[in-house]
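Engineer: Numbering (our numbering), first residue to last: -6 to 149.
The beta-carbon is built from N, C-alpha and C at its ideal position, and this holds for glycine as well.
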C-alpha cells in the first residue's frame, strides 16, 4: 500500500480523533473518544503542532504523526519533537510509518528546524528498527527524566 502524506485538514479531524484515541490506547490509556477529539482539535485550531496524515488511494486516513515546535538552547536553534507516530493496525508494515517519518523530516527542514527528537518505549523494537533504518541515533549521552505533576498543587 502506498500512502500519500499531507498536512491535516479540518475535515480530517473526526477520523484523526479515532486514530488518536487508538494511539493513546496503544500506550495503555482507556478509550476516551471525547478527550481524543478535544485534544487533537485544540492542537489544530491553536496551531500548536504540525500534524501530517497518511492517506490511502481510497482517501482513508490510516496514520499520522504530530510534531511539536521547541528549541535547543545549546544550539540556539529551533527543533521539532516528534511526539506521536501511529499507523492503524490493518495498515502496518506497508510503509506508511516510513513515509510519515520522511515527510516529517522534509517538513522540519523546510521549517528551518535543525533537529528532530523522539522517544519510544524500550520494548517497541519494531519502531526502533524503523527509526534506525532511517538514520535516527539512539541517545547514548543524555538520560531523560520525567515527573508527574498535579495542576494547581505546589511542588513538594
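Pick from 141, 17 and 138: whose alpha carbon is nearest that of residue 58?
Structural biologist: Taking the chain shown and counting its residues from 1, the one referred to as residue 58 is at position 65. Closest by alpha carbon: 17.
Engineer: Grouping DSSP H, G and I as helix and E and B as strand, with all else coil, what is residue 7?
Structural biologist: Residue numbering aside, residue 7 sits at position 14 when the chain shown is read from its first letter. If DSSP states are grouped into helix, strand and coil, residue 7 belongs with the helices.
Engineer: Using only alpha-carbon positions, find the residue among 47, 116, 29 and 34 that is nearest to residue 92.
Structural biologist: If you number the chain shown from 1, residue 92 lands on position 99. Answer by Cα proximity: 47.
Engineer: Have a look at residue 27 and residue 62 and give me their C-alpha separation to the nearest angstrom.
Structural biologist: Indexing the chain shown from 1 puts residue 27 at position 34. Indexing the chain shown from 1 puts residue 62 at position 69. Each residue's Cα considered, the two are about 25 Å apart.
Engineer: Go to residue 57, then tell me how far its beta strand (DSSP E) extends in each direction, as first and last residue.
Structural biologist: Within the chain shown, the letter at position 64 stands for residue 57. 54 to 65 is the span of the beta strand (DSSP E), which, as asked, contains residue 57.
Engineer: Below 8 Å, can you find three or more Cβ-Cβ pairs linking the stretch 21 to 39 to the stretch 81 to 92?
Structural biologist: In short, these stretches do not touch, since the Cβ pair count stays below three.
Engineer: Under DSSP, the beta strand (DSSP E) around residue 79 begins and ends at which residues?
Structural biologist: Here residue 79 refers to the residue found at position 86 of the chain shown. That run of the beta strand (DSSP E) goes 70 to 80.
Engineer: Buried or exposed for residue 56, please, with buried defined as at least 16 other CB atoms from any protein chain shown within 10 angstroms of its CB.
Structural biologist: Here residue 56 is taken as the residue at index 63 of the chain shown, counted from 1. Buried is the call here.
Engineer: With 16 as the cutoff for other CB atoms within 10 Å, does residue 25 come out buried or exposed?
Structural biologist: The residue you call residue 25 lines up with position 32 of the chain shown. Classification for residue 25: exposed.
Engineer: Can you look up residue 90 in the DSSP assignment and give me helix, strand or coil?
Structural biologist: Stepping through the chain shown from its first residue, residue 90 is reached at position 97. Here residue 90 sits in helix by DSSP.
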